[in-house]
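Comments concern the structure below.
See below:
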């Protein structure tokens, strides 16, 4: 069965420090991986995705994520956190051999708090 | 501006009173979906639609109905709402049902059923 785990409910970092939000997945077949961000009282916004190719993916707002096939991980990173990055972050996965199962599998989300 | 709109944004209603939450997208997307978001449960898909007149159940379809008569609209209908349907609802769309297409989300509808 497909699954996504975001092992940390909350991550706290100081402004200017690097941040990492973790995501691990389990799928049969090759994974398609996504990160979304939800700011307070807003809908989810797409940040970045891994489909194939370079394991380091760059996305919006200075975020990047590294696909690690052997560790089945897709951690979200940013070299220098901003207070405005404080939000809820969701990882999602879908397998390329999902057949009729078209839906994304979502993690439960990680709340990121960046402290001034 | 490319967007997904939902109405209403906030709704308080009573048990059993039928309601409809509208969703519209202006990107000519084929795929549309409804999710509910609950604390500790993340996002759960209610229904989705591959295209006009094509809809299917997601993970938690009980108590909900949808229709897709036009490409741009995908309303969510609660025929007899109950308190356990109190939640934050999101509509989303993507160009087509491809595994590598990202989804565009509406701003959400916060529903309270008393």
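Chains as they are written, first to last, in the numbering used here: chain A, 8 to 123; chain B, 1127 to 1240. Positions of the beta carbon are idealized from the N, C-alpha and C atoms, including for glycine. This structure is a prediction, so every number in the text was calculated from the model and none was measured.
Counting only beta-carbon separations shorter than 9 angstroms, does residue i have a partner in chain A?
i              : result
residue 1127/B : no
residue 1111/B : Residue 1111/B lies beyond the residue range present for chain B, which begins at 1127 and ends at 1240; the question has no answer from this structure.
residue 1179/B : no
residue 1225/B : yes
residue 1228/B : yes
residue 1130/B : yes
residue 1219/B : no
residue 1234/B : yes
residue 1159/B : yes
residue 1184/B : yes
Nearest CA to the CA of residue i: which residue from the options?
i              : options                        : result
residue 1140/B : 1198/B, 1210/B, 1172/B, 1174/B : 1210/B
residue 1136/B : 1212/B, 1231/B, 1167/B, 1184/B : 1212/B
residue 52/A   : 1222/B, 1239/B, 1218/B         : 1218/B
residue 55/A   : 1198/B, 1129/B, 1230/B, 1155/B : 1230/B
residue 118/A  : 33/A, 95/A, 112/A              : 95/A
residue 76/A   : 26/A, 37/A, 17/A, 93/A         : 37/A
residue 1183/B : 1177/B, 1189/B, 1172/B         : 1172/B
Name the two residues that bound the continuous beta strand (DSSP E) containing residue i.
i              : result
residue 58/A   : Where residue 58/A is concerned, there is no enclosing beta strand (DSSP E), given that its DSSP letter is neither H nor E.
residue 89/A   : No beta strand (DSSP E) holds residue 89/A; DSSP gives it neither H nor E.
residue 122/A  : 117-122
residue 1150/B : 1145-1151
residue 1246/B : Nothing can be reported for residue 1246/B: it is not among the residues displayed for chain B, which extend from 1127 to 1240.
residue 1133/B : 1130-1133
Just list the residues that DSSP pairs residue i with in beta bridges.
i              : result
residue 34/A   : Looking at the DSSP assignment, residue 34/A forms no beta bridge with any residue, so it has no partner.
residue 72/A   : 64/A, 83/A
residue 1158/B : 1175/B, 1219/B
residue 12/A   : 31/A
Under 9 angstroms Cβ-Cβ, which residues of chain B neighbour residue i?
i            : result
residue 97/A : 1168, 1169
residue 60/A : Within 9 angstroms Cβ-Cβ: nothing; residue 60/A doesn't reach chain B, min ~12 angstroms.
Just checking: is the beta-carbon of residue i within a distance shorter than 9 angstroms of some beta-carbon in chain B?
i             : result
residue 94/A  : no
residue 43/A  : yes
residue 39/A  : yes
residue 102/A : yes
Strictly below 8 angstroms CB to CB, what residues from chain B border residue i?
i            : result
residue 63/A : Under the 8 angstroms cutoff, chain B gives no residues; its nearest Cβ is about 17 angstroms from residue 63/A.
residue 56/A : 1226, 1228
Please list, in chain order, the chain A residues whose beta carbon lies closer than 9 angstroms to that of residue i.
i              : result
residue 1231/B : 43, 45, 49, 50, 51, 52, 53
residue 1142/B : Chain A residues near residue 1142/B: none, gap ~28 angstroms exceeds 9 angstroms.
Could you tell me which chain B residues have their CB closer than 7 angstroms to the CB of residue i, listed as they occur along the chain?
i             : result
residue 116/A : 1168
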